[in-house]
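Residue numbering for the sequence shown follows numbering that gives the first Met the number 0, starting at 0 and increasing by one per position.
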Amino acid sequence: MIIDSIQNKHIKLIKKILTSKYQKKEQKYLIEGRNLVDEAIHYQEPLEILATEQAAAYLSGSTDHFTLISEQVAKYLSSTVTPEGIFAVMPIRQETPQPGNWLIFDELQDPGNAGTILRTADFFDYQGVFFSPKSVSPYSPKVLRSAQGSNFHLQVVIGPTMPFIEQLKSWGELVLGTTLHEQAKEVQDLDLNEPYALVLGNEGHGLSKEIGATIDENILIPTKGHAESLNVSVAAGILMYALNIINKN
């Protein structure tokens, strides 16, 4: 049987979990595209896979939770211009944070930045990425596309930031910030021999005052040119690379 109407109640419910409100309520989210669905199948069991007849051949034998949909329904569910016709409904994992190197998003808003940073954190083998409540949802379609499946390899946690920072400090971890002031160190001058968390602030106004007050060390990237700042995902990548080199842990 094929679902061919966008008025179908089940399809309408799935459409809702593209929003952070319903992701939180239903504790599930939607991924789209062959690469992401394939990655999901290897790391976490989908609640349901939906695909057009053309895309269904790609998933032959991959899952028991399969729904056939029309091209019209695929376009309705898709957040891309040219949908591949394949989707998976995924459960949000209930993570218990573990010690290790972490990134913390303090009101980071841009989904492209967030997904790119997730992917870079995966590349450098971070333990996880923590999203403050006012940050972009880690399960928004653009975040997931930019992360390219790295959300399945990392711990991804959403919650109040202060208790998480207190937990990190109880583990003996150093909390690093990126606020510019006279005591900030160039990243290569940092003496680092323990796990750490790197806090990244909002693209427009940086770290909030509350979170800024918890920082153990502020670090900066030395500059030789005339640009005053970097895109947050570019800066995060440079800092993660530098910290990966100097961290003796």
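Using N, Cα and C, we set each Cβ at its ideal position, and we do this for glycine too.
Evaluate Leu107 with the Cβ neighbour count: other Cβ atoms within 10 Å of its Cβ, from every protein chain shown; 16 or more gives buried, anything less gives exposed. buried
Based on the DSSP output, what are the partners of Gly127 in its beta bridges? Trp101, Gln154
Taking the beta carbon of Tyr28 as the centre, do at least 16 other beta carbons fall within 10 Å, making it buried, or is it exposed? Note on Tyr28: 16 or more other CB atoms within 10 angstroms of its CB, so buried under the neighbour-count rule.
Rounded to whole angstroms, what's the CA-CA distance from Glu193 to Pro140? Just pull it up for me. A direct Cα-Cα distance of roughly 34 Å separates Glu193 from Pro140.
Please classify Ser78 as buried or exposed, where buried requires at least 16 neighbouring CB atoms within 10 angstroms. exposed
Where does Gly84 fall in DSSP's three states? If DSSP states are grouped into helix, strand and coil, Gly84 belongs with coil.
Start and end of the alpha helix (DSSP H) containing Gly236? 231-245
Straight-line gap, Ile210 to Gln126 (C-alpha atoms, nearest Å): 21 Å
Could you give the distance in angstroms between the alpha-carbon of Ala235 and the alpha-carbon of Ser207? Those two C-alpha atoms are separated by around 17 Å.
Burial state of Asp121, where buried means 16 or more other Cβ atoms lie within 10 Å: buried
Can you tell me whether Ile16 is helix, strand or coil according to DSSP? coil
Looking at C-alpha atoms only, which residue of Glu25, Glu165, Leu17, His9 is the closest neighbour of Gln93? Glu25
Would you kindly work out how many angstroms separate the C-alpha atoms of Gly114 and Lys20, rounded to a whole number? 19 Å
Whose C-alpha, out of Ile85, Glu70, Val174, Tyr57, is nearest the C-alpha of Ser4? Glu70
Do Leu199 and Leu67 come within 8 Å of each other at the CB atom, strictly closer than that value? no
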